[in-house]
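Asker: Dropping a structure here in structure tokens format, bear with me for questions.
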Amino acid sequence: MQFKKLYEVAEVQSGLVLSRKEAKFDSEQSVDYLKLNLRSISEDGTINKKSLDKYLACEKLNIQFITAKGD
24 MQFKKLYEVA EVQSGLVLSR KEAKFDSEQS VDYLKLNLRS ISEDGTINKK SLDKYLACEK
84 LNIQFITAKG D
């Protein structure tokens, strides 16, 4: 069996610590998002949008932390 380093087969990026950006209360600066969770991903890898959680951020999040088609 041949072993490879993870960086040789994948581009890995850690996510955002959501608690740091979570709004404590709704304000004009807060932004609504849908949060991806394990329950929203089916066995074939598709996302069930009805299972996404609501998330209120204290500010607009950087685009690098937003899940996009092809991720």
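When you line the sequence shown up against my numbering, it's residues 24 to 94, in that order.
Positions of the beta carbon are idealized from the N, C-alpha and C atoms, including for glycine.
Owing to the predicted nature of the structure, the values given are computational and were not obtained by experimental measurement.
Identify whether E45 lies in helix, strand or coil by the three-state DSSP scheme.
Answerer: strand
Asker: Could you tell me the alpha carbon to alpha carbon distance between G93 and E51, rounded to whole angstroms?
Answerer: 32 Å
Asker: Check whether the Cβ atoms of Y78 and L39 lie closer than 8 Å to each other.
Answerer: no
Asker: Could you tell me the distance, in whole angstroms, from the CA atom of K47 to the CA atom of S65?
Answerer: 31 Å
Asker: Leaving aside the five residues before and after S74 along the sequence, list all residues of the same chain whose C-beta is less than 8 Å from its C-beta, in chain order.
Answerer: Result list for S74: N60, R62, S63, in chain order.
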